[in-house]
C-alpha cells in the first residue's frame, strides 16, 4: 500500500477504511453464506481490503 500524497488523499483513505470497517461484519456474513467457509470468507475480505 502506498502512502497518500496529499491531505485530501489521506482523508479519502481514512473514510474508505472507516466505511469498510463498519461494513465488515455484514460483508463477512455475505461472503460466508456464498462460500460456506470461514477461512474463504476471511480471505475474500482480506483481498477486498487490499491486505493480501
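In this note's numbering, the protein residues as written are 22 to 73. Don't be surprised by glycine CBs; every beta carbon is placed ideally from N, CA and C.
> Helix, strand or coil: how does DSSP classify residue 25 here?
Replying inline: Taken through DSSP and simplified to helix, strand or coil, residue 25 comes out as coil.
> Exposed or buried, residue 28, counting other C-beta atoms within 10 Å across all chains shown (16 or more means buried)?
Replying inline: exposed
> Cβ atoms of residue 52 and residue 86: under 8 Å apart, would you say?
Replying inline: Nothing about residue 86 can be reported from this structure: the residues present for the chain run from 22 to 73 only.
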